[in-house]
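Student: This structure is in structure tokens; I'll ask about it shortly.
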Amino acid sequence: MVARFSSLGIPHHRFPPFCPVGPSPYQQQSLSWDFSPIPMATASNHRGHQWISSLVQGSRLLLLLVVSNPLLCQGENYAPYCKNQTGECRIPLQNLFDTATTVANYNYRLAREMFSEFGKQYGQSKNLTPKVLNSCHTTSITTPESKKEAENTEDKILFRLVLSLLHSWDEPLHHLVTELLRLKEASPDLLSRAAEIEEKTKVLLEGVKEIEKRIHPENQEKEISYPVWSEISSLMSEDDDVNKTTFYKMFHCLHRDASKIDTYLQMLKCRYTTC
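Position 28 (the sequence shown) corresponds to 53 in the numbering used here; numbering is contiguous.
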């Protein structure tokens, strides 16, 4: 259960009608997705950025397949993954974590790039940094204050923190993309990154829910609480200072929270699978 929004459903008709254990020959050719651990290229490198983007498209497909309706295994190739009497397909946990951490790290890189670009354009000239420190709408989510503290945090708590952070950005990201379209000074790169991170945050949310369900099925009935974002009026303000400050704050907070999500998921992955 979710305290603020209903679960983000993805229409089942978008999923290919086959068991989500591995890609079909067509997908292997079109997506170049091999389920192996994925090295990350430097985000600032244009060709590397494109390469990561194509890999994350494959990650998106895999996560979409994972959260679709349970499908029965068909054919001998799927036998190793049919773990229960009903023959329900179960993608190995390693693959789920590999995909989730790849998407989370990619989101973090996108958030970092957006914050850097907007900051260079507006942050210094308007001296916005002091105005946004410790003012994120997710500040009420109590998170570990250091990496060491996070490493000593129970996995159940880390899962809930990740889900709370992801849920808390659903509405803000939607409005961020909408208002960036109206911002004349916004570059095409900034717009595309914002739209991409909005989409991938939804997909990552469903993927993390699936992983948690696999590891802690008892948590599925527990409510996921998260703070409500309430700055739409400031984001749409005609006052340029208020408007730009709100944008800057959102980029700052998104960068901060994306880093936490990336870190926590990597820690969870190392606890349950190969790092």
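The C-beta atom is built at its ideal place from N, Cα and C for all residues, glycine as well.
CA-CA distance, T126 and S217?
Tutor: Position 101 of the sequence shown, counted from the start, is the residue given in the question as residue 126. Position 192 of the sequence shown, counted from the start, is the residue given in the question as residue 217. Distance between the alpha carbons of T126 and S217 is about 21 Å.
Student: How big is the Cα-Cα spacing for L124 and L118?
Tutor: One-based indexing of the sequence shown puts residue 124 at position 99. One-based indexing of the sequence shown puts residue 118 at position 93. Contrary to the premise, residue 124 reads as Thr rather than Leu in this sequence. About 10 Å.
Student: Taking a contact to mean a Cβ-Cβ separation below 8 Å, would you say N132 touches T226 in this structure?
Tutor: The residue you call residue 132 lines up with position 107 of the sequence shown. The residue you call residue 226 lines up with position 201 of the sequence shown. Cβ atoms of N132 and T226: closer than 8 Å.
Student: I think E221 touches L135, with their Cβ atoms under 8 Å apart; what is that distance to the nearest whole Å?
Tutor: Against the sequence shown, residue 221 aligns to sequence position 196. Against the sequence shown, residue 135 aligns to sequence position 110. So it is a contact: roughly 6 Å between Cβ atoms.
Student: Could you check what DSSP says for I249 in three-state terms: helix, strand or coil?
Tutor: Taking the sequence shown and counting its residues from 1, the one referred to as residue 249 is at position 224. Of the three classes helix, strand and coil, the one that applies to I249 here is strand, per DSSP.
Student: If you count every other CB in all the chains shown that lies within 10 Å of the CB of L206, and 16 or more means buried, which is it?
Tutor: Residue 206 sits at position 181 when you count from the first residue of the sequence shown. Counting Cβ neighbours within 10 Å, L206 comes out exposed, since fewer than 16 surround it.
Student: Check whether the Cβ atoms of N268 and L260 sit closer than 8 Å, and answer yes or no.
Tutor: Position 243 of the sequence shown, counted from the start, is the residue given in the question as residue 268. Position 235 of the sequence shown, counted from the start, is the residue given in the question as residue 260. Their beta carbons are under 8 Å apart, which means N268 touches L260 by this criterion.
Student: Classify S189: buried if its beta carbon has 16 or more other beta carbons within 10 angstroms, exposed otherwise.
Tutor: By one-based count along the sequence shown, residue 189 stands at place 164. Label assigned to S189: buried.
Student: For the alpha helix (DSSP H) holding G232, just list the boundary residues, first then last.
Tutor: Here residue 232 is taken as the residue at index 207 of the sequence shown, counted from 1. G232 -> alpha helix (DSSP H) spans P213 to I240.
Student: Going straight from the alpha carbon of R115 to that of V233, what length do you get?
Tutor: Position 90 of the sequence shown, counting from 1, holds the residue named residue 115. Position 208 of the sequence shown, counting from 1, holds the residue named residue 233. Computed Cα separation, rounded: 15 Å.
Student: Nearest-angstrom Cα distance between K247 and E210?
Tutor: As a position in the sequence shown, residue 247 is number 222, starting the count at 1. As a position in the sequence shown, residue 210 is number 185, starting the count at 1. Between K247 and E210, the C-alpha separation is close to 43 Å.
Student: With the cut-off set at 8 Å, would you say V128 and V228 are in Cβ contact?
Tutor: As a position in the sequence shown, residue 128 is number 103, starting the count at 1. As a position in the sequence shown, residue 228 is number 203, starting the count at 1. Yes. Within cutoff.
Student: What's the gap between the Cα of N177 and the Cα of I257?
Tutor: Stepping through the sequence shown from its first residue, residue 177 is reached at position 152. Stepping through the sequence shown from its first residue, residue 257 is reached at position 232. Whole-angstrom Cα-Cα distance: 37 Å.
Student: Note down the Cα distance separating L215 from I236, rounded to an integer number of angstroms.
Tutor: In the sequence shown, the residue the question calls residue 215 occupies position 190. In the sequence shown, the residue the question calls residue 236 occupies position 211. C-alpha separation (whole angstroms): 31 Å.
Student: Straight-line CA distance for R137 to I240?
Tutor: Taking the sequence shown and counting its residues from 1, one reaches residue 137 at position 112. Taking the sequence shown and counting its residues from 1, one reaches residue 240 at position 215. Whole-angstrom Cα-Cα distance: 31 Å.
Student: Tell me the rounded alpha-carbon separation between Y251 and S284.
Tutor: Reading the sequence shown from its first residue, position 226 is the one you call residue 251. Reading the sequence shown from its first residue, position 259 is the one you call residue 284. Cα-Cα distance, rounded: 18 Å.
Student: Classify H200 as helix, strand or coil using the three-state DSSP reduction.
Tutor: Your numbering for residue 200 matches position 175 in the sequence shown. The answer is helix: DSSP assigns H200 an H, G or I state.
Student: Reducing DSSP to helix, strand and coil, say where L208 ends up.
Tutor: Residue numbering aside, residue 208 sits at position 183 when the sequence shown is read from its first letter. Three-state result, L208: coil.
Student: Comparing C-alpha positions only, which one of L121, R185 and Y147 sits nearest to N244?
Tutor: One-based indexing of the sequence shown puts residue 244 at position 219. That would be R185, whose Cα lies nearest to the Cα of N244.
Student: Confirm, please, whether the CB-CB distance from K238 to R122 is below 8 Å.
Tutor: Start at 1 with the first residue of the sequence shown, and residue 122 comes out as number 97. Start at 1 with the first residue of the sequence shown, and residue 238 comes out as number 213. What sits at residue 122 in the sequence shown is Phe, not Arg. No, these two residues do not count as a Cβ contact at 8 Å.
Student: For a test of the three-state rule: what should DSSP assign to R137, helix, strand or coil?
Tutor: Numbered from 1 along the sequence shown, position 112 holds the residue referred to as residue 137. Residue state, collapsed to three classes: helix.
Student: Short of 6 Å in beta carbon distance, which residues of its chain neighbour F276, apart from the five on each side in sequence? Order them along the chain.
Tutor: The sequence position of residue 276 within the sequence shown is 251, counting from 1. Excluding sequence neighbours, F276 sits near M139, F140 and F143.
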